[in-house]
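Report on the structure given below.
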Amino acid sequence: SIDHHPYRTAEYFFINEEPMQQKQEQQQQEEEVVHWLVNEGYNISEKCYTLKRNTQLMKRNPGSLSDLRLLALNDIFIFNNDLSSSVTKYFGTNIHQAIMSSLRFENYRPETPNKALIWCQEISEDPPSDFLSCLSVCSRYMAEAAEKKNNIDAHTAHVLTQILPLLIAGSPDRSIEDSYVHHFLAPLLQSVFSSDTRLKTRWANGNDLSNNESKAYKPDFVVYSMTINVKCVVLIAEFKPTEQSSTIESDSVKLARQMRTTYNDLVLNGVECPLVCGILTEGRHLKTFVMDMISPKLYRYINLSQVDVCFRIDQLYLIPAIVAKLLQLKNIALKTVVKAEASIMEAVESGRRRQPIPPQSWLSNDTHRLSRKRKKTPDNQ
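Residues 24 to 404, numbered by the working numbering, are exactly what the sequence shown covers, in order.
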């Protein structure tokens with residue numbers, strides 16, 4: 024395709040494909056026609072389905088497919104304000120603008136900070152000289168934040184107590200994944216997502232996805248709720264210390280598939296119209312995502328925001344921005360947690376699980392995953 028993956032130079036093929044024609048004929052008979060219409064004139068569902076059909080005709084050369092087209096084969100369609108990174112680039116500028124103006128999550132944003140940016144500027148201009156002076160400065164900020172009860176201020180002050188001493192001592196090597204995650208990302212993630220008793224966090228040492236796809240994909244970080252004995256994952260994250268894409272599939276594709284699996288799990292657990300959150304960091308870039316459904320076999324993979332990660336003292340001004348993006352995701356995730364708890368308690372009281380909304384027939388398990396072909400040798404020809 025015109026925007027193929029530049030690092031794929033070997034030969035590739037798809038694995039785990041399912042018989043598409045048979046499934047499409049069955050779903051056409053079973054499903055009520057539900058279309059995503061924008062401005063009452065643009066049938067976005069049909070445009071997405073057409074893109075997938077056209078992409079299926081290109082599968083003879085899988086290695087040339089862009090991430091947008093790989094995701095479309097999996098019924099996942101990415102929407103981004105940046106036209107060049109959005110599936111809407113195949114629909115035209117007018118439709119792109121109409122779609123993006125309809126995808127609004129502003130009401131989940133936290134209150135504007137009062138002091139966080141001022142604090143970060145003060146430290147950048149006159150940084151503490153040692154560990155104890157770091158604690159003295161940060162404790163003053165934390166006391167002020169606790170008194171004013173502004174969320175961004177509070178989390179920024181909390182994060183500074185953990186990150187600032189490291190930066191004063193000398194920035195750790197961020198090219199090593201463990202150092203990158205636990206020094207620069209973990210303080211932010213733990214501060215935001217561990218501050219509500221309804222949310223629990225888990226790092227990449229367990230399996231939180233329920234179906235066969237979980238064998239291939241394990242998130243680096245998850246946020247979930249636990250009601251009685253039912254776990255509901257509401258946010259997943261993937262971290263990569265460098266910005267170079269995989270030579271097979273990018274982490275964005277990997278994250279999108281995991282979010283689709285998570286969405287399916289929530290729907291099958293009776294959570295009505297869930298919103299699944301995602302975080303992707305690649306080097307200095309942090310992106311946030313939300314996934315939902317609005318039509319059968321159409322997962323909207325919405326890129327909410329992008330912000331740079333703080334690695335140096337002169338970049339401390341980035342921390343309040345990152346906190347704001349994470350708090351927005353937290354507010355979205357909590358909406359799904361409330362729905363999940365209500366659904367589970369209803370099932371306990373009634374003795375039966377509610378019918379899935381959206382219907383189970385809407386969900387997709389199509390898996391088109393690239394794998395590199397083995398080079399032919401005299402032994403395996």
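Just so you know, even glycine gets a beta-carbon here, dropped at the ideal spot from N, CA and C.
Keep in mind that this is a model prediction, so the values were computed, not measured.
Between the alpha carbons of Arg283 and Lys138 lies a distance of about 38 Å.
The C-alpha of Cys300 lies about 16 Å from the C-alpha of Asp219. Taking C-alpha positions only, Ser124 is separated from Gln281 by approximately 26 Å. In the structure shown, Ser68 falls within a helical segment according to DSSP collapsed to helix, strand and coil. For Trp59, the secondary structure class from DSSP, reduced to helix, strand or coil, is coil.
For His308, the uninterrupted beta strand (DSSP E) run begins and ends at 308-318, by DSSP.
Annotated as distal: Asn173 and Glu145, with beta-carbon spacing of 9 Å or more.
Per DSSP, Asn354 is one residue of the alpha helix (DSSP H) stretching across 341-373.
Looking from the CA of Ala279, the closest CA among His391, Glu372, Leu357 belongs to His391.
Nearest to Lys241 by alpha-carbon distance, out of Cys255, Trp226, Trp385, Asn388, is Trp226. Sequence-distant Cβ neighbours of Ile345 in its own chain, meaning closer than 6 Å and more than five residues away, are Leu211, Val330. Look at the beta carbons and you see the region 81-94 not touching the region 58-68: under three pairs across the two are nearer than 8 Å.
Boundaries for Ile251: no beta strand (DSSP E) harbours it, and the DSSP string shows neither H nor E there. For Arg323, the enclosing beta strand (DSSP E) stretches over residues 321-331.
Annotation: Leu349 to Glu148 spans about 26 Å, alpha carbon to alpha carbon. For Glu134, the secondary structure class from DSSP, reduced to helix, strand or coil, is coil. Assignment of beta-bridge partners to Val299 by DSSP yields Met314.
Under DSSP, Ala260 forms a beta bridge with Phe244, Ile302.
By the neighbour-count criterion, in which a residue is buried when 16 or more other Cβ atoms sit within 10 angstroms of its Cβ, Lys353 is buried. Taking Lys277 as reference, the option from Thr78, Val56, Asn97 with the minimal CA-CA separation is Asn97.
Contact annotation: the region 103-120 does not touch the region 161-173, with fewer than three C-beta pairs closer than 8 Å. For the 9 Å CB-CB criterion, Pro136 and Ile101 do not form a contact. Distances from the CA of Glu261 to each of Arg221, Tyr322, Leu208, Ser217 were compared; the closest alpha carbon is that of Leu208. Closest in alpha carbon position to Asp243, among Leu189, Leu222, Met249, His205, is His205. Where Lys112 is concerned, there is no enclosing alpha helix (DSSP H), because DSSP gives it neither an H nor an E. Shown here, Arg376 sits in coil according to DSSP, grouped into three states, outside any helix or strand. Collapsing the DSSP output to three states places Arg76 in a helix. A residue is called buried once 16 or more other Cβ atoms fall within 10 Å of its Cβ, and Leu303 is buried on that count.
Secondary-structure assignment with DSSP links Phe102 through a beta bridge to Ile325. Within the model, the alpha-carbon separation for Asn287 versus Ile367 is close to 16 Å.
Contact check for Arg221 against Gly293 fails: the beta carbons are separated by 9 Å or more. Rounded to the nearest whole angstrom, the C-alpha separation of Ser373 and Ala365 is 12 Å. Lys223 has Tyr247 as its beta-bridge partners, per DSSP. Residue state for Asp288 is assigned as helix, using DSSP reduced to three classes.
Across the set Glu272, Tyr72, Val246, Asp196, the C-alpha of Asp196 shows the shortest separation from the C-alpha of Pro264.
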